[in-house]
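Structure record follows, encoded as structure tokens.
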Ligand SMILES: Nc1ncnc2c1ncn2[C@@H]1O[C@H](COP(=O)(O)OP(=O)(O)OP(=O)(O)O)[C@@H](O)[C@H]1O
Ligand SMILES: [Mg+2]
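Residue numbers (the working numbering), protein chains in the order written: chain A, 508 to 759; chain B, 2 to 500.
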């Protein structure tokens, strides 16, 4: 059986500068992978390339998703196929009510998959249930997407979408940044509730703390555009002790 | 490819040829020979069976027009117009006056269907079928349509009910015969025949348009609506609309238009005059979607419009709301003269330009009375190689103590081959005037678009969503059913702006 996500020897350039120099990563269904690594090591770049953000030039390697060539798909096709990226910095969309956005996006994905669109009552029922489990008040859903949301609210809104769209691959880019302890717990509980044997997660973080809540099956250390070490969850604890310095040399 | 470049590339592929409403209805037309002269003015007046004073009024305007220069101050650029190469009158052939839409040429009705207004039209039709005078309190929506097809109004509906309320709503050519005193009293009192080159031209040759009079204390029982179409090849359109809200009355008027595709540039020079007497209110909403020209910037309508409202009475209010998506050239400044004390003027505008469109639009708020207030909310969206200019004037007369204005102009750029410009003029001749002005210009954000497509929207849907969010404050000003139509139109008009 093929892996859910297979990144092979990926080389990526941004504005003529190579950022990823032959990165490989295999993620199977049901697994949770953590990616750690110093600032600027290319973690967000990897997540953007998987999601299909314009502006990155793939100069080598390949990405297979469910056995298909992901790089051939437009970003919205990837979303409909089940790739979800929870952004490090979720953007604001003024004038577009969160509820409208959720519904438009969900129905766009369903349409792309040839499924029927949700009726208004069905959709509302679904959103309300998910929002309640994440402590998101209805009032927030009437506001513009992320407009005036606190850092914690923005991250919770990302988890809300993840729960709503039911993707098969969730990439969480520094979900823990800017969250207080309670907000972190709520968001992490939301993510944990989505763990399933049919779904995989890639959790990008700088801190071991998040991994106490979302316990990974694998931990990878990235440095200078490569995965330099992989291991079990104890690798994260090791890093907490010794820092990244030991890998800097390896990557160079 | 860097993100920025990619959007530019997408925008470059704009295909305004896809213009949805570019079709022509084949109807025999009755037209005057090309060109403009005193004889043509007489021909038009004669066709309309107008009173003698009207002909004189037209001729005087024509003679003045001969002495005037076409204005050049707007930020629009177009080849010189040969005014002798334009037809000034054309009318769909009509055997007799029509009592209901049922009698309207099916070709015309089909045209409306293609315009995507079936719901409204069907309901209007239903209204026509009903026995006259029969009132249906449960009617979900009341829209009276005075259809201006080419230059002549071909159908007027809901007449009976309006009549009961005392509201006069008819083609201005009919009003000239049936209510000459009213027309004579108000016509040209807001936009005088000498006002500007295009308004003067309109005064000489206007073909038809709507006339509305709402008597004192009457709240017009329905939204009044007119659909304008340019259909005859090379026919200049010179609509003339006059709306009077007498003391304590209220009326909401909707104007919408689309035009078929063609090669030659078409001249459109409308004049709209609004008059609100004491405690009266007029709400005038427009969705404008004339043919913008093809992907090379060829063809397209030249739209030179003079729209002005006069808050003549105390506590009166005039509100303009416009959604401008079409035309190759738009030159349009719906304005308010705040003459009555405590009167209020509002201008809400969405102007979208794509392809090679050029828009120079805005408003003038002239504060003359005491404690007059005005509010301007303008949203300009430029894509493709278009140029989009907001031009506004807010002025307070010496005696306009306590005048207040709030202006917010926001521009959104899609790609980097287009331009947005804001040209505000402010003149306060008394120290108690309080004018506030805010302006922003932003580029549609790559990060916002990517966020949307990551969640499953196509690039195109993402642009539509972001733009609709950007213009929300203004959309909310439109009557409900119009807002839905406008929202659709906004997405359609930006359809070409991304791959
Ligand atoms: N658009 C861009 N233009 C130029 N350089 C870029 C661009 N995007 C990323 N980079 C560079 O690529 C490198 C990797 O950046 P990336 O954001 O992927 O790192 P990261 O591992 O996510 O860092 P952090 O932990 O700080 O979030 C950095 O040196 C960054 O400056
Ligand atoms: Mg990052």
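Note that CB positions come from ideal geometry on N, CA and C, so glycine has one too.
Since the structure is predicted, the reported quantities are computational estimates derived from the model, not experimental observations.
Nearest neighbour of residue i, chosen from the options [CA to CA]
i	options	result
residue 324 of chain B	B:88, B:479, B:313	B:479
residue 720 of chain A	A:565, A:688, A:665, A:560	A:688
residue 493 of chain B	B:326, B:331, B:279, B:295	B:326
residue 195 of chain B	B:463, B:205, B:347	B:205
residue 547 of chain B	B:39, B:52, B:48	Residue 547 of chain B lies beyond the stretch modelled for chain B, which goes from 2 to 500, so this question has no answer here.
residue 566 of chain A	A:576, A:525, A:580	A:525
residue 33 of chain B	B:72, B:87, B:282, B:75	B:87
residue 268 of chain B	B:439, B:332, B:320	B:332
residue 642 of chain A	A:691, A:604, A:680	A:691
residue 454 of chain B	A:532, A:686, A:555	A:555
residue 653 of chain A	B:391, B:449, B:291	B:449
residue 84 of chain B	B:303, B:178, B:46	B:303
residue 667 of chain A	A:655, A:698, A:681	A:698
residue 313 of chain B	B:361, B:190, B:330	B:190
Which of helix, strand or coil DSSP assigns to residue i
i	result
residue 243 of chain B	strand
residue 640 of chain A	helix
residue 452 of chain B	helix
residue 368 of chain B	strand
residue 153 of chain B	Caution applies to residue 153 of chain B, whose pLDDT of 47 falls short of 50 and renders its modelled position unreliable; the value that the coordinates give is listed next. Residue 153 of chain B: strand per DSSP, three-state reduction.
residue 491 of chain B	helix
residue 198 of chain B	helix
residue 625 of chain A	coil
residue 471 of chain B	helix
residue 165 of chain B	helix
residue 280 of chain B	coil
residue 646 of chain A	helix
residue 613 of chain A	helix
residue 180 of chain B	coil
residue 618 of chain A	helix
Close-in-space but distant-in-sequence residues of the same chain around residue i (CB under 6 angstroms, 5 per side omitted)
i	result
residue 222 of chain B	166
residue 308 of chain B	273, 335
residue 239 of chain B	203, 206, 207, 208, 270
residue 538 of chain A	707, 724
residue 472 of chain B	351, 380
residue 251 of chain B	220, 282
residue 675 of chain A	589, 706
residue 409 of chain B	378, 439
Proximity test, residue i beta-carbon vs ligand 2 heavy atom, cut-off 7 angstroms
i	result
residue 661 of chain A	no
residue 550 of chain A	yes
residue 681 of chain A	yes
residue 455 of chain B	no
Residue i at chain D interface by Cβ criterion, 8 angstroms
i	result
residue 600 of chain A	Looking for chain D here will not work: the only protein chains present are A and B.
Sequence-distant residues of its chain with Cβ nearer than 8 angstroms to residue i (five each side left out)
i	result
residue 495 of chain B	353, 355, 382, 384, 415, 461, 464, 465, 468
residue 315 of chain B	279, 280, 341, 342, 343, 344, 370
residue 744 of chain A	715
residue 573 of chain A	509, 511, 588, 589, 675
residue 78 of chain B	359
Near ligand 1: residue i beta-carbon under 7 angstroms from a heavy atom
i	result
residue 267 of chain B	no
residue 525 of chain A	no
residue 595 of chain A	yes
residue 347 of chain B	no
residue 521 of chain A	yes
residue 547 of chain A	yes
residue 765 of chain A	Within the shown structure, residues of chain A are numbered from 508 to 759, placing residue 765 of chain A beyond reach of any answer.
residue 36 of chain B	no
residue 602 of chain A	no
Residues near residue i in its chain [Cβ-Cβ closer than 7 angstroms; skip 5 each side]
i	result
residue 96 of chain B	Here the model assigns residue 96 of chain B a pLDDT of 42, short of 50, so the residue's position is not dependable, and the following value carries that caveat. Hits under 7 angstroms: none found.
residue 760 of chain A	The first residue shown for chain A is 508 and the last is 759, placing residue 760 of chain A beyond what the model contains.
residue 139 of chain B	Caution applies to residue 139 of chain B, whose pLDDT of 38 falls short of 50 and renders its modelled position unreliable; the model cannot decide the point.
The region 437–460 of chain B: positions lying closer than 8 angstroms to chain A by Cβ:
446, 447, 448, 449, 451, 452, 453, 454, 455, 456, 457, 458, 459, 460
Check distances from the C-beta atoms of the region 532–566 of chain A to those of chain B and list, in chain order, the residues that come in under 7 angstroms.
558, 560, 561, 562
Going along the chain, which residues of the region 34–66 of chain B sit with their C-beta nearer than 9 angstroms to a C-beta in chain A?
The region 34–66 of chain B vs chain A, Cβ under 9 angstroms: nothing.
Can you give me, in chain order, the residues of the region 587–611 of chain A that have a beta carbon less than 9 angstroms from any beta carbon in chain B?
Flagged, chain order: 587, 590, 591, 592, 594, 596, 597, 598, 599, 600, 601, 602, 603, 604, 607, 608, 609, 611.
The region 615–628 of chain A: positions lying closer than 7 angstroms to chain B by Cβ
615, 616, 619
At a Cβ cut of 7 angstroms, what residues of the region 575–586 of chain A count as close to chain B, listed as they run along the chain?
Taking 7 angstroms as the Cβ-Cβ cut-off against chain B, the residues of the region 575–586 of chain A that qualify are 582, 583, 586.
Residues within the region 732–748 of chain A neighbouring chain B, beta-carbon criterion of under 9 angstroms:
Correct list: empty, as no residue qualifies.
Please identify, using Cβ separations under 8 angstroms, the residues of the region 456–490 of chain B that lie next to chain A, in order along the chain.
456, 457, 458, 459, 460, 462, 466, 467, 469, 470, 471, 472, 473, 474
With 7 angstroms as the limit, tell me which residues of the region 511–529 of chain A have their beta carbon closer than that to any beta carbon of chain B; keep them in chain order.
522
Mind checking the region 625–651 of chain A against chain B and listing, in chain order, the residues whose C-beta falls within less than 8 angstroms of any C-beta there?
Result list: 651.
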